[in-house]
Each structure stands twice: as C-alpha cells, then as structure tokens.
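Residue 686 in this note's numbering is what sits at position 533 of the first sequence, and the numbering runs on without skipping anything.
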Amino acid sequence: MLRMSTLLLRTLRDDPADAEVASHRLLVRAGYVRRVAAGIYAWLPLGYITLRNIERIIREEMDAAGFQEVHFPALLPREPYEKTDRWTVYGPDLFRLKDRRGNDYLLGPTHEEMFTLMVKGEYSSYKDLPLSIYQIQNKFRDETRPRSGIIRGREFVMKDSYSFDLDDEGLAISYEKHRNAYIKTFNRLGMKYNIVSAMAGAMGGSRSEEFLAPCPTGEDTYVLCESCGYAANVEAMVTKVAEFTGGSAPAMEVFDSPNTPTIDSLVELLNETFGGNYQASDTLKNVLLMADDEAISVLVPGDREVDLKRLQANLPGVTDLRLFEDADFEKRPGLVKGYVGPQDAKALGLTLYADPRVVIGSSWVTGANARDKHVRFVTHGRDFTIDSFIEAAEVKAGDLCPVCATPVVIDRAIEIGHIFQLGRKYAQALDLTVLDKDGKPRVVTMGSYGIGVSRAVAAIAEQTHDEIGLSWPREVAPADVHIVATGKEDLPFNEAEKLSLELEKLGLRVMLDDRRDASPGVKFKDAELIGIPYIVIVGKALAEGKIELRVRKSGEKEEVELSNAVAEIYSAITSN
RNA sequence: CGGGGCGUAGCGUAGUGGCUAGCGCGCCUGCUUUGGGAGCAGGAGACCGGGAGUUCGAAUCUCCCCGCCCCGACCA
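Spelled out as structure tokens, the structure:
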C-alpha cells in the first residue's frame, strides 16, 4: 500500500518554469520525475512505479510472443561499434569515454552489435533459428537538443528486440510476430496510435513501420487516409501522380523578367505580360543543395517547398545535406540565384532530381540561367532530362492518397515504437553465420524492434491528461484506487485504513491518503493531479454511513454504502 | 550548430547603480481549522549561475565562461 503520509512525494502548486509540454509539466508537478540535467531525469516513487508498470506490460507481451529477455551493459567497448562503422557514423550523438588505461568506451545508444555478437557466440546452426531476444535498458544519446521533458531525453529507457532468421521468409514471419505483439502491448497501455509506413533509413532493410501516438506536441508528422486507412510518415509518403495528358508545348521561349527572384513575383509578371491564368504550380522551382560534395538540383512545382527531411530520407547515402549558400553560387558562375533552370544542368555539373509531379511531357516556366531572364514551355523529356525522380516535396494536407486518391489529413504524433527489417548489415559486419542444411555458412538476417519505454510514460500522459492533472489508464497507473480520508476524527482514517486493507486483499493496488495535517482541498487537488483512475473519499458522508466514489477521468461521483463499499469499488474498478 | 529567451531559497517570482535582497507556495514551532490548494503568530532557508573588470558602492553596468528553455537543423 502506498501511504501518502510517508511517500516521497511533494506536489508543486506552480508549473515549473522550464516545462512547456503537458506531460513534462504534470509529471514534475505531480512528483513523478525531477530533472537532473538537460534531458536527464530522476524517477521518484510514483514515477518509477508507473515506468515499471509499462515495463511489466511490455515484458509480459514479449514473453507471451516467445521472445527471450536478456540484458546487456550500458557501458560498452569500442571494437564492435568500430566493426559496424558506427563508432564514426554515429558521430557526436554517441557518448564516449575512456577507461584509466585510455581505452575507448561508449554508452550504448542502441545495442544491435551486442545482440548480434551474443547470438554469434552461442549459435551456429540453422536449427537454432528463428530466435528473437530483447532487453529493457537505458540508452544514451547525446542529442543536440533534448526537448519536451521525458519525450526526448539523452538518457532514456528503451525496449529493443532483435530477430534472427535464416532467410527473408523467416524474417517476414518474425516481423509479423513483433508487429502483433506491439499491437497487443500498445492496446494494453491504453494508447491511441497509428501504424504508419516509415523509411527503413540508412540501415537498409525492406520493411519498416512506426507506431505513432497522435498528439499535438509530437515531433513526427504523418499522413493518414481516412478513406482507405493508408498511413505513412511524411518522409515515406508516396506522391500520387496523375498521368500526363496534355499536348506538346511550343518551343522554349526566353523572356525578360527583372526583379522576379521569388515565385510570387514571377507569377505576377507572367500574368501581366502574357495574360492568361498562371499560378505558382505552373512554375518550376529549382532548389539547389550540396549533398556531401555533389551539387544537386531538386525540381518541384512552384507552389511546393522542398522538405529537407524527406529529401534526406530519400538520399540514404548522403550524410551532409545543406542548401546552397552564396559561396556555392560564386563557385559556379553559370548558376544565377533566383534564375536557375534545369535546361543546362549537365553542363553546369548538377545532378537533377525531380518531384514525381514533374512528369515526362509536362512543360514549365522556369529560370533561364541568366540574370533577369526566365523561360516558358520548358518541357521534361524534350528540353531537359533528369537523373531520377525523388520524393522530396513537402507533403500538404489534402494531397491525394497514393492508394485510393482521397485527400489525406496530416497530424502530429510521438513515435513510441519502430519495427523494421534490418537485413544482413550487422550480421555481415560481425560475421554472424550459421550452417544451413547443406553445411554451408549463411549470413543471418535480422529485424530490429524498439519501444520507447520512458517516452511511453510521457506519451500516455500527453494523451490522457486534462486541465487539472494526469489521468492514467488503469494498468499504467501507480495504483488502482486512491483512497482519501478527511476530517479530524479518527473514524474516517480508521475506516479508510480498513477499506484499503480489504481492497488490497482482493488484489487491488491502493494508495491511501492518510495525512492528518493536510486539508481536504489539498488532498482532492493532489488526487486529481496524480491521476489514479478511481478516487474514494472517506469523510463527511460517513455520518450517513456512506463513502464517495469518483471516476477521475469522467468526474462522475457516486455515494456508496460503507457496508457495500468493498464490493462496489471492486466491481467498478474491475468492470472495465 | 544557427536564431530567440532565461539564470535571485526546494518551487514560482519582484527587484535597471544606493540602506539588512522582497513576496507567494512549500518547510519548522505553537494555537485555531478540517469537503476544494485554511487562519493567526513566530521561525529556518539565498556566497543573486561562475570568474574577471568598472565604481566610493554591483543582483543591477562591461567582458569571458557555464547552465537551462523555446524555434530550426540533427536524431537506430
């Protein structure tokens, strides 16, 4: 039983000044967590109980799916990460340290290497596969900008699983098992979520999905088709392109266009000069970037921006991507800022990528690669050719679903889980092979599956809180019922105590507010802030032999005969 | 890393060169109070983020450093 009189808990009346998002504010105010350093938090008893509840639910679902739990150190040697290149690729996000002999160590940001090596050390036959193992461990990433309290920290708790299979079919099955286990887990956690297509990213692999908890403070943006259910991270959104049906355009025609460095000014000039009804979407924007050491141009319709995240996600080999700066223009005199066109790209040494809307045969108004000059009727396939289409244009609400062509909606969310088919990258790098039926060594294929455990605490808080405090789903809450004794006599305290003990006997988790010195108002406010799903008040109504039962989420109140209290409370709590 | 903001007691804050750094919450003692963050009285708690400087005098001005928050970039 949790007793408020002795619990290490001090609720705060005011919002902490450094907290912006609801989960952060409330978890601090309600005494669940305290900040230790930027992006690093300590868990007080209530918070730690909540965190462990989530761990327990995850563990139960992982075990039920037949996955085995292991545990690795957080402190890891350099060598394995050297072999997979991540010692360098991970860059400054990796916490590195040296031991007294000067050897390099790191604090694990994720543990692919360790899992791979563990399997390599123990298994060597195809008969041992498939295998899925997982751990729940603190992870460390020296984020450039930790933010939103618990949502994005530098030290955080993650559940990560890895599957090991001989072939792609096996991997697909393991992936599906994890996917189902995740669905069960997040359902039990009482979360709203969407499963969306994601980019496998630089890790390679064929299939990748994210579990996103919709929430306005989320960092991820995704699209959802309410008609067919298609859902994708914006990075992975596929553009729906109408087939090109227009006729052939007249020959290219250069025209003077002084002082039109922006699309708006260009459209204005077009309509003044040529009449007609030109729109931003009739122009072709040439966005120049440096992709590592290569100059690239991304062609998008004039009414779209380039989304750098999407572009980066679709240029997996590129590590350093940035927009052209003045110095880059100076180095390439053929490129005139504001007047770039794709016609001479080859001569100018540009690699050309185009948004899928720039279909072959379509013609555009674009820059003439000369100051104060644009050109009309520039036709894809006739006047320029591209190196490749690319999904890099910003996604807007109302864009068409690639599956059923219905306008999609856009929403923000917190990423709470990510599953993907890793493939053989790590197994290859660390030489994890097993002998197949023919006695030949084969490289194992892997899947990787993560759940942000501490982040889930915050995500649930974000989704379930209200103006007055937290409001947990029962399985996650630090207790099932919060019993408050009020009054100055001993009677309510004694009755509350008895009630608590009896409810505990029935297997309920009870928090008892047995503080003698706190006023009723303080106790009620605290109960609402802390967010245990049921609140029982033993006080004034005792005079009529009654207690009061409240539902935190709905605010419903009900008076219950003391004689029936145990049964009624028990059935209210366990009935849903 | 770029832009913006902040740093005064456990928390929230006032204080633009002048007296002993003020207030609310919380904490301690006593009395009163007990169904919506109670009242009265008394009390503890701050090297004003750190360092250097300017000045008769610095929380306050200057410089450097550190830390933190927000937006962006980045992020298995």
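Note that beta-carbon positions come from the ideal geometry of N, C-alpha and C, so glycine has one too. Only a predicted model underlies this, so the values are computations on that prediction, with no experimental measurement involved.
Suppose you measure from the CA of residue i to the CA of residue j; what does that come to, to the nearest Å?
i, j, result
"T263", "F573", "14 angstroms"
"L682", "F220", "37 angstroms"
"K593", "E235", "27 angstroms"
"G354", "E568", "The predicted position of G354 is uncertain, since its pLDDT is 48 and thus under 50; no value can be drawn from it."
"L199", "R166", "17 angstroms"
"K490", "Q432", "21 angstroms"
"L180", "L503", "51 angstroms"
"K312", "V511", "43 angstroms"
"A718", "S724", "10 angstroms"
"K393", "C554", "7 angstroms"
"R239", "D246", "11 angstroms"
"L324", "M215", "17 angstroms"
"C381", "G274", "46 angstroms"
"M267", "P169", "39 angstroms"
"D536", "S516", "9 angstroms"
"L160", "I289", "27 angstroms"
"T164", "L702", "23 angstroms"
"I207", "I688", "22 angstroms"
"I336", "I543", "32 angstroms"
"E396", "V493", "26 angstroms"
"R300", "K280", "46 angstroms"
"R524", "P411", "8 angstroms"
"D670", "D643", "13 angstroms"
"D409", "G429", "17 angstroms"
"G357", "T727", "Because G357 sits at a pLDDT of 48, beneath the cut-off of 50, its placement in the model cannot be relied upon, and the point is left open."
"L464", "A545", "4 angstroms"
"I621", "K462", "37 angstroms"
Look at the Cβ atom of residue i, then the Cβ atom of residue j, and state whether they are nearer than 8 angstroms.
i, j, result
"D460", "V531", "no"
"E222", "S601", "no"
"E650", "L665", "yes"
"R485", "A444", "no"
"F248", "S607", "no"
"A694", "E712", "yes"
"L437", "T374", "no"
"V610", "T241", "no"
"A521", "V407", "yes"
"E628", "G343", "yes"
"A175", "H618", "yes"
"L282", "D318", "yes"
"G261", "L229", "yes"
"L442", "F477", "yes"
"R156", "D667", "yes"
"A183", "L623", "yes"
"G371", "R565", "yes"
Let me confirm a value: residue i is counted as buried when at least 16 other C-beta atoms fall within 10 Å, else exposed. Which label applies?
i, result
"P369", "exposed"
"A217", "exposed"
"I193", "exposed"
"V147", "Since the displayed the chain opens at 154 and closes at 729, residue 147 lies outside it and no answer follows."
"F646", "buried"
"N333", "exposed"
"T639", "buried"
"S144", "Summary: the structure shown does not reach residue 144, with the chain confined to residues 154 through 729, and so no result is reported for it."
"T598", "buried"
"S314", "buried"
"I513", "exposed"
"K499", "exposed"
"A736", "Residue 736 cannot be examined here, being either before or after the span of the chain that is shown, 154 to 729."
"E173", "exposed"
"P226", "exposed"
"E363", "buried"
"R475", "exposed"
"V440", "buried"
"H224", "exposed"
"C378", "buried"
"G306", "buried"
"S716", "exposed"
"R178", "buried"
Taking 7 angstroms as the cut-off, is the CB of residue i close to at least one heavy atom of the ligand COA?
i, result
"V189", "This structure does not include the ligand COA; it has no bound ligands of any sort."
Assuming residue i and residue j make a contact with CB atoms under 8 angstroms, what is their CB distance in whole Å?
i, j, result
"L505", "P495", "6 angstroms"
Uninterrupted beta strand (DSSP E) stretches inside the segment 186 to 270 (no shorter than 3 residues):
Considered as a whole, the segment 186 to 270 harbours 186 to 190, 193 to 196, 228 to 230, 248 to 251 and 257 to 260 as its complete beta strand (DSSP E) runs of no fewer than 3 residues, in chain order.
Within the segment 416 to 446, note down every full beta strand (DSSP E) run reaching 3 residues or more, in order along the chain.
The segment 416 to 446 contains these whole beta strand (DSSP E) runs: 437 to 444.
Any chance you could list the alpha helix (DSSP H) runs of at least 4 consecutive residues sitting entirely within the segment 467 to 554, in chain order?
Listed in chain order, the complete alpha helix (DSSP H) runs (minimum 4 residues) inside the segment 467 to 554 are 479 to 484 and 498 to 501.
Return the chain-ordered ranges of every beta strand (DSSP E) run that is complete within the segment 345 to 381 and spans a minimum of 3 residues.
Segments of the beta strand (DSSP E) lying fully in the segment 345 to 381: 347 to 350, 361 to 367 and 373 to 377.
In chain order, which beta strand (DSSP E) runs of at least 3 residues are fully inside the segment 574 to 600?
Listed in chain order, the beta strand (DSSP E) elements of length 3 or more contained wholly in the segment 574 to 600 are 586 to 588 and 594 to 596.
Uninterrupted alpha helix (DSSP H) stretches inside the segment 620 to 687 (no shorter than 4 residues)
DSSP runs (the alpha helix (DSSP H)) wholly in the segment 620 to 687: 644 to 658 and 673 to 683.
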